[in-house]
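Enquirer: Read top to bottom, the protein sequences are chains A and B.
Those letters in the first sequence? Residues 1 to 565, per this note's numbering, in order.
Those letters in the second sequence? Residues 1001 to 1565, per this note's numbering, in order.
2 protein chains.
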Amino acid sequence: MSGNKRIVVVGGVAAGPKAASKARRLDQQAEITVIQREPELSMASCGYPYYVGGLFNDRNALLSAGTGPVRDPAYFWGVKRIMARTETEAVAIDREGKTVLCRDMRTGATEQIAYDRLILATGAVPSVPPIPGVDLEGITTLHNMTDTDYLRRIHDERKTAKAVVIGGGLIGVEACEALRESGIQVTLVELQPQILSFLDWEMAKLIKNHLRHKSVEVITGNGIAAFLGDDGRVTSVRLGDGTELPCELAVLAIGVRPNSALARESGLAVGATGGVIVNEYMQTSDENIYAVGDCIETKHLTTGEPTHAPFGDLANLQGRVAGENAVLGNTVTFPGTIATGICKVFDYAAGATGLNEGSARDAGLDAVAVIGASLDKPGYMGGQLLISKLVVEKKSGRILGAQCVGPGDVSRQIAQWAMAIRGDLAVEDLVNADLPYAPPFSLAIDHGIMMAHIMQNKRKGRLKGISAREVKETVDGGAPIFVIDCRDPEEYREMRLGLGEKLIPLPTLRDRLDELPEDKNAEIICYCRVSLRAYEALLILEANGWKNVWVMEGGVVAWPYERER
Amino acid sequence: MSGNKRIVVVGGVAAGPKAASKARRLDQQAEITVIQREPELSMASCGYPYYVGGLFNDRNALLSAGTGPVRDPAYFWGVKRIMARTETEAVAIDREGKTVLCRDMRTGATEQIAYDRLILATGAVPSVPPIPGVDLEGITTLHNMTDTDYLRRIHDERKTAKAVVIGGGLIGVEACEALRESGIQVTLVELQPQILSFLDWEMAKLIKNHLRHKSVEVITGNGIAAFLGDDGRVTSVRLGDGTELPCELAVLAIGVRPNSALARESGLAVGATGGVIVNEYMQTSDENIYAVGDCIETKHLTTGEPTHAPFGDLANLQGRVAGENAVLGNTVTFPGTIATGICKVFDYAAGATGLNEGSARDAGLDAVAVIGASLDKPGYMGGQLLISKLVVEKKSGRILGAQCVGPGDVSRQIAQWAMAIRGDLAVEDLVNADLPYAPPFSLAIDHGIMMAHIMQNKRKGRLKGISAREVKETVDGGAPIFVIDCRDPEEYREMRLGLGEKLIPLPTLRDRLDELPEDKNAEIICYCRVSLRAYEALLILEANGWKNVWVMEGGVVAWPYERER
């Protein structure tokens, strides 16, 4: 045995190879071994849905970097002198002896592999509900290359007519799109009252509406009770309320759990989330063992609470930190997450960073939120709509989180907000932000800056905002309320909300004040397309003595309910 | 005369109407007047080049918001109760009497308009060089609607064969594209050694190369001496070195100066930049007079120095601040600029925020810079190249500035960096940034985070970087140097730099160490496509005893000089 440091990494998808590569860069002499259950290494697992959907067709693209070679054991040895042992399972850890018991899954042969530092990157496992019929053929997750190959075959064969996707999180929504792109009629079933739990309800509802617009049927607030089958193959899904959805395919996407069994069995500390507990150096309760990626729990930087954040980008960053610390001792840290995420939904995107209104409330923070909408760039440059919700701490104005959905450039918006949160910025820091502006890229007042302006106006008490949900509940509840649509007649003719609203185009408002309630304390709600004109209407009405005027935030474009056409 | 506050705004393009609108929102009683020289109001002047180039064809799109009505005096009165007086010139200010002498440019009639608060938004004037022939027909700027209409006619007529654009700033580069889209052969002439001065030389050179690739001839380091003409029409441009460029059209884009004559003549303080001096409330040296937009100078937030920053986004933000302060007293501030900008260059973009390496040095800052390249998202999702240069303060690692060019999503990158600078973040804050990742939007390790990683490696002394320029100068100077191309043979066959380099693909390096200089102190330079493999090569060589190994930053894709094919 040489005197070189022995680094053993368990897990070969994202965090593991990254940790191994970083360790190699910093120590050319170390003996580095990666233990990987699957035949493949370094898979671009976030790309699975797009390969399934036929957005690209080269399977090897999931296994290589750019135009480079497939990252197989020969590649890892040739380029990085990393011994990658695929189809090999880490069965147990002897922490005292500092060895990992491994089993070759092809031969069954076992072997003790000694380590000086061990890095666990065992990933997550998809949750599978313990319900009747779950083992029928035609039921799959979308978690690994086997699942991916299975679903891609279905894509290529074009024989499947109907599918049910169970679970409306990121993977579920991505699976819906992939299956639609495979010519399959899709129903999405979600137990919770909304899909995409990183969004607040009304933002998620906009995405639900868009999925329906793309012919994905979406059922929320309904779980699955059983899978029914015929001849061992799934033929339908029975929901909690008894509904039966015929299908030849069901994709389970109800979430993932940290794959922390090996750590737990080795006596390492595991948290309430099910994730391995690590410190900021990515070190477990055993100083010789690090853990990274989907198998750990991570600190949420705003709440300070541990959270399970199974994101590919964080896995890579954590792997980089553990790889360095494993060879150099604890020198670098991974501070935590603000739960930034984004998801393609056909020609829309949905993204969020930080806390949403619900999670801010759950964290005991006194938050104020606002919804706004605008194009991402000028209409004449092909600008597309963005609808955002900004959440800030009431007293300080500190940015707690932001959500953004729509066909526009959601990616830039969420990236901006993520950086703003990282910099601990407040609304007042952002109202005059200096962002890259030219008509091909943004509005003169960028959508994000506009959101800060709206929030500033709200915090100063100038814009009294009311959410679409409150408006809907008020109207449905039959409360006396005067609703003004401030848009132009053409816009109104094309589509309207049907709340018993009165059309008073903004340019005519000053001359039509006599049509408003005489009672200056009457509740009045104004809206327009994005509620900018409605804000001007509110200011005019307040100047004329009305005391209870509200702007419906986000206007018509952010209205999550039915409309009249 | 009523007792209402009288607000007079001089200038009706961007900052002026914004100030007037904000004032109206906060004071429904104020008498608000906008004085505008041109017949149009509220023009989307940043959109002129795209209308000229035919990217869109509706002239009214430049004069309206989205699908809304044209913002003419009737609109301003009807919707906002703002009196907009177009084709009216503000001739003089009587600061003691608090009146503006105005002249109706159609009738010549003059009138004194009284103000309580005056807001100057007089914009900028394009610089016109005092050289022979500059008044010939066929010579224009691209600054106002008249210029725009003129150039759009040329676009539509398709009769012009050759044009010269003078000045390689943002407008000049945008004009080149617009003229190419008009079927015109274009030569761009720039007096300085590089175009796009917000970029460092080697980044600008990449854009110069791209312009040439798009059939725009680019001549740098050469000024214009005269315009030659025939029958009153321009026929060619004579350069400083005597070259004559035949053309039927010349577009002057050598920059703009603050239009501060009215302020200066009124005795208001004007700075060395030529811009009106204002405090953070946008207030001039006269407490009753505010100034905003392209006519003022603004504080650069990093250097603290006054700068002329004629950007449409800042004009709007400043207008918003002045509008509020004019009616409410000084309550809100505009802190300054970090000179964020972006420019479309055909299918590329070029953007920057903060200081570049040159301006950081000029500001006396001890800066360190690095160049890096990657795709913006995975290749399988159609990822496009981004090449960035990151500039940080040497000691603290504080981000001073970033530049980014390429066909990829430059907009998000620059927006991220702008927010990072606003949050006063340092490299160590960004190596683990939590940004929106999904394959349709970014790499698992976002390009910007990768830049932070490279900078971190450089600051820790792990990555010894050398710029392409230094490599070129060293090779051209004949210094003994051993250059290794670490790419694969296929990449090398397709294109190479031709520096006398030796092809040693990274996977073969460990077995070919005997081909390297015996002298362990020999200077060795490694590169690959983006210099990630080259970094691994450096680490291998250092581990084998070579002491002077350098990575050429940015690799082949950032090489600004000729290549061999």
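Glycine is no exception: its CB is placed at the ideal position from the N, C-alpha and C atoms.
1) Per DSSP, what kind of secondary structure is Val370 (chain A) in: helix, strand or coil?
2) Note down, in chain order, every chain E residue with its Cβ under 7 angstroms from the Cβ of Cys1343 (chain B).
3) Can you pull the chain B neighbours of Val216 (chain A), defined as C-beta to C-beta under 7 angstroms?
4) What residue from A:Val391, A:Asp58, A:Ala418, A:Leu188 has the CA that sits closest to Met451 (chain A)'s CA?
5) Go to Trp550 (chain A), then tell me how far its alpha helix (DSSP H) extends in each direction, as first and last residue.
6) Taking Thr148 (chain A) as the query, report the chain B residues whose CB atoms sit under 8 angstroms from its CB, ordered along the chain.
7) Which residues, taken in chain order from the segment 37 to 56 of chain A, show a beta carbon closer than 8 angstroms to some beta carbon of chain B?
8) Just to confirm, are Leu1191 (chain B) and Asn1222 (chain B) a CB contact at a threshold of 8 angstroms?
9) Less than 8 angstroms separating the beta-carbons of Thr1099 (chain B) and Ile1113 (chain B)?
10) Touch check for the segment 86 to 104 of chain A and the segment 22 to 39 of chain A: three-plus C-beta pairs under 8 angstroms?
11) For the alpha helix (DSSP H) containing Lys80 (chain A), name the first residue and the last one.
12) Beta-carbon separation of Ile342 (chain A) and Leu301 (chain A) under 8 angstroms?
13) Rounded to the nearest angstrom, how far is the Cβ of Ala1225 (chain B) from that of Leu1245 (chain B), given a contact under 8 angstroms?
14) Going by C-alpha to C-alpha distance, which of A:Pro407, A:Pro335, A:Gln384 sits closest to Lys299 (chain A)?
15) Check whether the Cβ atoms of Ser442 (chain A) and Lys520 (chain A) lie closer than 8 angstroms to each other.
16) Report yes if the C-beta distance between Gly1329 (chain B) and Ala1253 (chain B) is below 8 angstroms; otherwise report no.
17) Residues of chain B with CB under 8 angstroms from Tyr492 (chain A), in chain order?
18) For Ala1204 (chain B), count neighbouring Cβ atoms within 10 angstroms of its own Cβ and tell me buried if that reaches 16, exposed if not.
19) So that I know if they touch, is there some Cβ in chain B lying closer than 8 angstroms to that of Asp156 (chain A)?
20) Count the other CB atoms within 10 Å of the CB of Gln194 (chain A); is the residue buried (16 or more) or exposed (fewer)?
21) At a Cβ threshold of 8 angstroms, is Val79 (chain A) touching chain B?
22) Which parts of the segment 1499 to 1529 of chain B are runs of the beta strand (DSSP E), unbroken and 3 residues or longer, counting only runs that do not cross its ends?
23) Could you have a look at Arg6 (chain A) and say whether DSSP puts it in helix, strand or coil?
24) Spell out whether any CB of chain A is found under 8 angstroms from the CB atom of Gln1283 (chain B).
25) To the nearest angstrom, how far is the alpha carbon of Lys460 (chain A) from that of Leu506 (chain A)?
26) With a threshold of 8 angstroms between beta carbons, is Leu425 (chain A) in contact with chain B?
27) Thinking C-beta only, is Ser127 (chain A) closer than 8 angstroms to Val292 (chain A)?
28) What does a CB cutoff of less than 7 angstroms around Phe1056 (chain B) pick up in its chain, not counting 5 residues either side in sequence?
29) Within its chain, find whatever has a CB closer than 8 angstroms to the CB of Thr1235 (chain B); leave out the 5 residues flanking it on each side and keep chain order.
30) From this set, A:Ala352, A:Ala418, A:Glu523, which residue's C-alpha is nearest Gly478 (chain A)'s C-alpha?
31) Given that Glu1536 (chain B) touches chain A, what residues does it touch there, using C-beta distances under 9 angstroms?
32) For Lys1566 (chain B), which three-state DSSP category applies?
33) Are Asp485 (chain A) and Arg496 (chain A) close, meaning C-beta to C-beta below 8 angstroms?
34) Which residues of the segment 315 to 342 of chain A have a Cβ closer than 9 angstroms to any Cβ of chain B? Give them in chain order.
35) Which residues in the same chain have their Cβ closer than 7 angstroms to the Cβ of Ala369 (chain A), if we skip the five residues on either side of it in sequence?
36) For Ser215 (chain A) and Gly379 (chain A), I'd like the C-alpha separation in whole angstroms.
Expert: With the structure as the only source:
1) The sequence position of residue 370 (chain A) within the first sequence is 370, counting from 1. Strand, per DSSP.
2) Looking at the structure shown, chain E is missing, and the protein chains on hand are A and B.
3) Counting from 1 along the first sequence, the entry for residue 216 (chain A) is found at position 216. Neighbours of Val216 (chain A) across chain B, judged by C-beta separation under 7 angstroms, do not exist; the nearest C-beta is about 17 angstroms away.
4) As a working mapping, residue 451 (chain A) is identified with position 451 in the first sequence. Met451 (chain A) has its Cα closest to that of A:Val391, out of A:Val391, A:Asp58, A:Ala418, A:Leu188.
5) Your numbering for residue 550 (chain A) matches position 550 in the first sequence. Per DSSP, Trp550 (chain A) lies in no alpha helix (DSSP H); the unbroken beta strand (DSSP E) holding it starts and ends at 548 to 552.
6) The count along the first sequence starts at 1 and reaches residue 148 (chain A) at position 148. Against chain B, a Cβ distance below 8 angstroms from Thr148 (chain A) picks out nothing, because the smallest value is about 13 angstroms.
7) Listed by position along the chain: Ala44, Cys46, Gly47, Tyr50, Tyr51, Leu55, Phe56.
8) Taking the first residue of the second sequence as position 1, residue 1191 (chain B) is located at position 191. Taking the first residue of the second sequence as position 1, residue 1222 (chain B) is located at position 222. In contact: Leu1191 (chain B) and Asn1222 (chain B) (Cβ atoms closer than 8 angstroms).
9) For this step, residue 1099 (chain B) is matched to residue 99 along the second sequence. For this step, residue 1113 (chain B) is matched to residue 113 along the second sequence. Yes, they are a contact pair.
10) Judged by Cβ distances under 8 angstroms, the segment 86 to 104 of chain A makes contact with the segment 22 to 39 of chain A, as three or more pairs qualify.
11) The residue labelled residue 80 (chain A) in the question sits at position 80 within the first sequence. From DSSP, the alpha helix (DSSP H) with Lys80 (chain A) extends over 73 to 80.
12) Along the first sequence, one-based indexing puts residue 342 (chain A) at 342. Along the first sequence, one-based indexing puts residue 301 (chain A) at 301. No; because the gap between Cβ atoms is not below 8 angstroms, this pair is not in contact.
13) Sequence index remark: in the second sequence, residue 1225 (chain B) carries index 225 (1-based). Sequence index remark: in the second sequence, residue 1245 (chain B) carries index 245 (1-based). Not a contact, Cβ separation roughly 11 angstroms.
14) As a first step, residue 299 (chain A) is located in the first sequence; it is residue number 299 there, counting from the start. The residue with the shortest Cα to Cα distance from Lys299 (chain A) is A:Pro335.
15) Working through the first sequence from its first residue, we reach residue 442 (chain A) at position 442. Working through the first sequence from its first residue, we reach residue 520 (chain A) at position 520. Contact check for Ser442 (chain A) against Lys520 (chain A) fails: the beta carbons are separated by 8 angstroms or more.
16) The sequence position of residue 1329 (chain B) within the second sequence is 329, counting from 1. The sequence position of residue 1253 (chain B) within the second sequence is 253, counting from 1. No.
17) Residue numbering aside, residue 492 (chain A) sits at position 492 when the first sequence is read from its first letter. Correct list: empty, because the minimum Cβ distance to chain B is about 14 angstroms.
18) Taking the second sequence and counting its residues from 1, the one referred to as residue 1204 (chain B) is at position 204. Result: buried.
19) The residue you call residue 156 (chain A) lines up with position 156 of the first sequence. With 8 angstroms as the cut-off, Asp156 (chain A) does not count as an interface residue toward chain B.
20) Numbered from its first residue, the first sequence carries residue 194 (chain A) at position 194. It counts as buried.
21) Within the first sequence, the letter at position 79 stands for residue 79 (chain A). It does: the Cβ of Val79 (chain A) has a partner Cβ on chain B nearer than 8 angstroms.
22) Within the segment 1499 to 1529 of chain B, the complete beta strand (DSSP E) runs of at least 3 residues are 1523 to 1527.
23) Here residue 6 (chain A) is taken as the residue at index 6 of the first sequence, counted from 1. It is a strand residue.
24) The residue labelled residue 1283 (chain B) in the question sits at position 283 within the second sequence. No, no contact with chain A.
25) Looking up residue 460 (chain A) in the first sequence gives position 460. Looking up residue 506 (chain A) in the first sequence gives position 506. For the pair Lys460 (chain A) and Leu506 (chain A), the Cα-to-Cα distance works out to about 23 angstroms.
26) Numbered from 1 along the first sequence, position 425 holds the residue referred to as residue 425 (chain A). It does; some Cβ of chain B falls within 8 angstroms.
27) Residue 292 (chain A) sits at position 292 when you count from the first residue of the first sequence. Residue 127 (chain A) sits at position 127 when you count from the first residue of the first sequence. Contact flag unset, no.
28) Within the second sequence, numbered from 1, the residue matching residue 1056 (chain B) stands at position 56. Cβ neighbours of Phe1056 (chain B) beyond the five flanking positions: Tyr1050.
29) As a working mapping, residue 1235 (chain B) is identified with position 235 in the second sequence. For Thr1235 (chain B), the CB contacts under 8 angstroms within the same chain, skipping 5 residues up- and downstream, are Leu1228, Gly1229, Pro1246, Cys1247, Glu1248 in chain order.
30) Within the first sequence, numbered from 1, the residue matching residue 478 (chain A) stands at position 478. Measuring from the Cα of Gly478 (chain A), the nearest candidate turns out to be A:Glu523.
31) Taking the second sequence and counting its residues from 1, one reaches residue 1536 (chain B) at position 536. By Cβ distance, chain A contributes Ser21, Arg24, Arg25, Val79, Lys80.
32) Any property of residue 1566 (chain B) remains undetermined from this structure, which presents chain B solely from 1001 to 1565.
33) What you label residue 485 (chain A) is simply residue 485 of the first sequence in a count that begins at 1. What you label residue 496 (chain A) is simply residue 496 of the first sequence in a count that begins at 1. Contact annotation: Asp485 (chain A) and Arg496 (chain A) have beta-carbon atoms nearer than 8 angstroms.
34) Taking 9 angstroms as the Cβ-Cβ cut-off against chain B, the residues of the segment 315 to 342 of chain A that qualify are Ala315, Asn316, Leu317, Gln318, Arg320, Val321, Val332, Thr333, Phe334, Pro335, Gly336, Thr337, Ile338, Ala339, Thr340, Gly341, Ile342.
35) For the purposes of this step, residue 369 (chain A) is identified with residue 369 of the first sequence, where counting begins at 1. Taking C-beta separations shorter than 7 angstroms and ignoring five residues to either side along the sequence, the partners of Ala369 (chain A) in its chain run Glu357, Lys389, Leu390, Val391, following chain order.
36) Residue numbering aside, residue 215 (chain A) sits at position 215 when the first sequence is read from its first letter. Residue numbering aside, residue 379 (chain A) sits at position 379 when the first sequence is read from its first letter. So the two alpha carbons sit approximately 27 angstroms from each other.
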